[in-house]
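According to this note's numbering, the stretch in the sequence shown is residues 4 to 175, in order.
Positions of the beta carbon are idealized from the N, C-alpha and C atoms, including for glycine.
Fair warning: this is a prediction, and the values are worked out from it, not measured in the lab.
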Amino acid sequence: DFRRSGGNGAYTTTPHFGVGDAIANPDAEGIDQDVLAGLTASAVVDNSGIIDVQATADASVPTFAPDDFDSDGTPNRAEANATATGINQNVDAGDGLLVTEAGILASAFFNNTATAQLNVDALAIAVGDTASAEALAFGVYQAAGVDDEVLEATARVVNDGLIDVGAQATAT
């Protein structure tokens, strides 16, 4: 039984099981740009507002006796893994895409203006006999000219505003 809540970009995936295993693995991205072009490729994000990205994983298994084990005798397992990425830009140009020679330029650019905010949060909570939790949060990820040969590759972040990135994981 999976229940998904949210609506404006903040989603929570919470599995609800009886006794047994519980696993939650949400992955949230604010803006994802994958650009492939022949000679020149670029990805640009110009943020003058608020971008909120939240991933919450909540996996809980009851830890009461006498049924603390699965039918095969293993302890009940709770696993929560949350990943949140604010801006993800992957840019490539050149050989193997649309032309047979090296690309000229692959560029990724993120501009966060003075009044802008990029908020990225990942939260993972696991409760069970055997519990593990992992939370990963990335503000801006940029890769330019990584997969194909280009003459020039640039990746640039200009931040005049606020970039707030946080991750928290708890396993009990």
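Inset, instruction - Determine the direct distance from the alpha carbon of Leu-121 to that of Gln-92, and round the result to whole angstroms. - result: Between Gln-92 and Leu-121, the C-alpha separation is close to 15 Å.
Legend entry - Where Gly-52 falls: helix, strand or coil (DSSP): Three-state result, Gly-52: coil.
Inset, instruction - Name the residue from Leu-39, Asp-35, Ile-53 whose alpha carbon lies nearest to the alpha carbon of Thr-116. - result: Measuring C-alpha to C-alpha distances from Thr-116 to each of Leu-39, Asp-35, Ile-53 identifies Ile-53 as the nearest.
Inset, instruction - Give the DSSP-derived three-state secondary structure of Pro-29 in the structure shown. - result: In this structure, Pro-29 counts as coil in the three-state DSSP scheme.
Legend entry - Closest Cα partner of Ala-158 within the set Asp-167, Val-168, Tyr-144, Glu-152: Selection Asp-167, Val-168, Tyr-144, Glu-152 evaluated against Ala-158 yields Tyr-144 as nearest (Cα-Cα).
Inset, instruction - Just mark Gln-57 as buried or exposed, buried being the case when its beta carbon has 16 or more other beta carbons within 10 Å. - result: Buried, by the Cβ-count rule.
Legend entry - Secondary structure of Ala-105, DSSP reduced to three states: Three-state result, Ala-105: coil.
Legend entry - Opening and closing residue of the beta strand (DSSP E) in which Thr-116 lies: Thr-116 -> no beta strand (DSSP E), and no H or E assigned at all.
Inset, instruction - Output the distance between the C-alpha atoms of Ala-85 and Ala-60, rounded to the nearest integer angstrom. - result: Distance between the alpha carbons of Ala-85 and Ala-60 is about 5 Å.
Legend entry - Span of the beta strand (DSSP E) around Leu-1: Absent from the structure is residue 1, since the part of the chain shown begins at 4 and ends at 175.
Inset, instruction - To the nearest angstrom, report how far apart Gly-169 and Gly-23 are at their CA atoms. - result: Rounded to the nearest whole angstrom, the CA to CA distance from Gly-169 to Gly-23 is 30 Å.
Inset, instruction - Using alpha carbons as the reference points, say which of Ala-136, Asn-50, Ala-25, Gln-36 lies closest to Ala-125. - result: Closest option to Ala-125, Cα to Cα, is Ala-136.
Inset, instruction - Whole angstroms is fine: what's the gap from Asn-30's alpha carbon to Gly-89's? - result: At residue 30 the sequence reads Asp, which differs from the Asn that was named. Going by the C-alpha atoms only, they are around 11 Å apart.
Inset, instruction - Please state whether DSSP places Gly-65 in a helix, a strand or coil. - result: The sequence as given places Pro at residue 65; Gly does not occur at that position. In this structure, Pro-65 counts as coil in the three-state DSSP scheme.
Legend entry - Test item: CB-CB of Glu-152 and Ala-105 under 8 Å: Yes.
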